[in-house]
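Peer 1: Going letter by letter, the sequence shown gives residues 60 to 271 in the working numbering. Glycine is no exception: its CB is placed at the ideal position from the N, C-alpha and C atoms. Since the model is a prediction, treat every value here as computed from it, not as a measurement.
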Amino acid sequence: MTAALPDNHVPSPFRTREQRSAERAEKREAVLRAAVRMFNARGFHATSLDDVAASLGISKPTIYHYLGNKEQVLIECVTRGLELLSVAAEEVRAAPGDGLTRLRAFLHRYARLMMDDYCRCVVRTGDESLSPEGAALFRARKRGIDQSLRALIADGVADGSIAPVDVRMAAFMLAGALNWPGRWHDPAGPMSPEAIADALVDLLIRGLAPRA
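1. Does the segment 117 to 134 touch the segment 156 to 171, meaning 3 or more C-beta pairs lie closer than 8 angstroms?
2. Compare the C-alpha of M250 against each of V132, R161, M174, G203 and name the closest.
3. In three-state terms, what does DSSP make of A268?
4. List the endpoints of the continuous alpha helix (DSSP H) containing A272.
5. Closer than 7 angstroms by C-beta to D261: which residues in its own chain qualify, once you throw out the five before and the five after it? Chain order, please.
6. So, is R265 buried or exposed, given that buried needs 16 or more other C-beta atoms within 10 angstroms?
7. Can you list, in chain order, the residues of its chain whose CB lies under 6 angstroms from that of G158, leaving out five sequence neighbours each side?
8. Does DSSP classify F103 as helix, strand or coil?
9. Any idea what DSSP makes of M60, helix, strand or coil?
10. Determine the DSSP secondary structure at G140, reduced to helix, strand or coil.
11. Evaluate contact between the segment 107 to 122 and the segment 85 to 95, counting only Cβ atoms and requiring at least three cross-stretch pairs below 8 angstroms.
12. Use the C-beta contact count for E142: other C-beta atoms within 10 angstroms, 16 or more gives buried, fewer gives exposed.
13. Could you tell me the boundaries of the alpha helix (DSSP H) in which R114 lies?
14. If you drop the 5 nearest sequence neighbours on each side, which residues of the same chain put their C-beta closer than 7 angstroms to that of M60?
15. Let's test the definition: count the other Cβ atoms within 10 Å of the Cβ of V146 and tell me whether it reaches 16, buried, or not, exposed.
Below, the structure is given as structure tokens:
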């Protein structure tokens with residue numbers, strides 16, 4: 060039972076550690092979201108942290124405080140996107156169903172995520188935008204997604220729900236097709252991300268289903 064507060068209790072004007080932590084996380088997220096949208100709209104090289112700061116009405120040192128320099132901001136953005144894809148792959152591989160069913164589920168989530176700000180940044184970021192160390196980290200994380208996709212295809216080939224295919228080539232083809240919405244999707248367009256994902260995945264899956 061919670062003890063009753065005395066009649067003369069006055070709320071503390073000081074924030075608790077949890078409140079300060081939550082406020083910091085909220086501000087960091089706002090800065091990161093503004094940065095990723097500007098990177099996507101203008102490109103990494105054409106965007107400055109001054110631009111991001113001005114869009115939020117803050118100073119550039121504030122961005123350094125929350126996220127670091129411009130490359131660190133970009134790495135955080137693409138890491139967010141790749142983590143979303145990694146989680147989707149892990150969840151789908153653990154789900155019930157044959158290989159083709161699980162692959163379809165992952166491809167749908169992949170396509171949908173490619174129209175999210177952070178995954179869109181993954182598609183629009185080239186290795187040349189990063190330092191050698193940053194580029195190596197970026198490539199390593201992308202390889203993890205490729206390996207997850209190949210594993211899902213191989214599972215389907217093994218259980219017969221996917222026709223025998225070159226797993227490596229099929230993974231390249233699927234990822235290449237589903238990466239493109241990250242470049243051409245218009246949030247104000249007539250089709251929702253969900254409808255676009257449905258249409259793309261239906262077209263791609265037809266080429267993987269076993270022939271009767």
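Peer 2: The relevant details are as follows:
1. no
2. M174
3. coil
4. Limits of the chain in this structure are 60 at one end and 271 at the other, which puts residue 272 out of reach.
5. none
6. exposed
7. D214, G215, D218, S220, I221
8. coil
9. In this predicted model, M60 has a pLDDT of only 49, less than 50, meaning its place in the structure is not dependable enough to derive any value.
10. helix
11. yes
12. exposed
13. The question names Arg, yet the displayed sequence has Ser at residue 114. That run of the alpha helix (DSSP H) goes 108 to 115.
14. Its pLDDT being 49, under 50, M60 is placed unreliably by the model, and nothing is read from it.
15. exposed
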